[in-house]
Amino acid sequence: MQIDALSRRLIDRYQHGMPLCAEPYRAMAEELGCSEGEVLTCLEHLQEGGGLSRIGPVFEHSRAGASTLVALAVPEARLEQVAARINAFPEVNHNYLREHRYNLWFVLTGPDRPHIDRLLAEIEADTGLTPLDLPMLHAFRIDLGFPLGDPS
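Take 554 as the starting number for the sequence shown in my numbering and just add one per residue.
As structure tokens, then:
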């Protein structure tokens, strides 16, 4: 996928946060010196091309509620079915297939720990698989970002 100059500027400037206002795309356009339509077209192109998977908030889980990393050991024949069921939970994000006995890993978020526990029980009841619950004890580094800058 080719990433043009506007796409690079958009990603560099907004991958860690977007304007919190009634018209965020218009505010982004004004800051970048382009039109709101150009911003929206650029974001759509990035998503369609696989360069951008999601546009939305990322909440600080310790302030917004609770979260945990969950792993499931899913038989290969059931991977698509189980992944689809897990993805149906709005509280799930970052769902990945891994090469390991525990091959499906995802982050589960909720308003509090009892909510997480209910979701884990529901996942186990729905799938027949016992979730490995790996709550974070301490964050050492949480700042994933990829500055693209000018390629020249």
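Where a beta carbon is used, it is the ideal one built from N, C-alpha and C, also for glycine.
Note that the structure is predicted; figures quoted are calculated from it, not measured.
Which runs of the beta strand (DSSP E) fall wholly inside the stretch 627 to 660 and span at least 3 residues, in chain order?
645 to 650
Round the Cβ separation of Leu-585 and Leu-687 to the nearest angstrom and send it over; I've been treating them as touching at under 8 Å.
For the purposes of this step, residue 585 is taken as residue 32 along the sequence shown, with counting starting at 1. For the purposes of this step, residue 687 is taken as residue 134 along the sequence shown, with counting starting at 1. Not confirmed; about 39 Å, so no contact.
Please classify Leu-625 as buried or exposed, where buried requires at least 16 other C-beta atoms within 10 Å of its C-beta.
As a first step, residue 625 is located in the sequence shown; it is residue number 72 there, counting from the start. With 16 or more Cβ atoms within 10 Å of its Cβ, Leu-625 is classed as buried.
Candidates Glu-644, Pro-572, Gln-568 and Leu-632: closest to Tyr-655 by CA position
Here residue 655 corresponds to residue number 102 of the sequence shown, with the count starting at 1. Comparing Cα-Cα distances from Tyr-655 to each of Glu-644, Pro-572, Gln-568 and Leu-632, the minimum goes to Leu-632.
Comparing alpha-carbon positions, which option in Cys-574, Ala-619, Asp-557 and Arg-671 lies nearest Pro-664?
In the sequence shown, residue 664 corresponds to position 111, counting from 1. Nearest C-alpha to Pro-664: Ala-619.
What does the Cβ neighbour count give for Ile-564, buried or exposed, with the cut at 16 atoms within 10 Å?
Translated into the one-based positions of the sequence shown, residue 564 becomes position 11. Flag for Ile-564 reads buried.
Just mark Leu-650 as buried or exposed, buried being the case when its beta carbon has 16 or more other beta carbons within 10 Å.
Here residue 650 refers to the residue found at position 97 when the sequence shown is read from its first residue. With fewer than 16 Cβ atoms within 10 Å of its Cβ, Leu-650 is classed as exposed.
Just to check my reading of the structure: Gly-604 and Ile-556 have Cβ atoms closer than 8 Å, yes? What is that Cβ distance to the nearest angstrom?
Counting from 1 along the sequence shown, the entry for residue 604 is found at position 51. Counting from 1 along the sequence shown, the entry for residue 556 is found at position 3. With 8 Å as the limit, Gly-604 and Ile-556 qualify as a contact, their Cβ atoms being about 6 Å apart.
Distance check for Ile-676 and Val-660, CA to CA, integer angstroms please.
Working through the sequence shown from its first residue, we reach residue 660 at position 107. Working through the sequence shown from its first residue, we reach residue 676 at position 123. Their Cα atoms are separated by approximately 13 Å.
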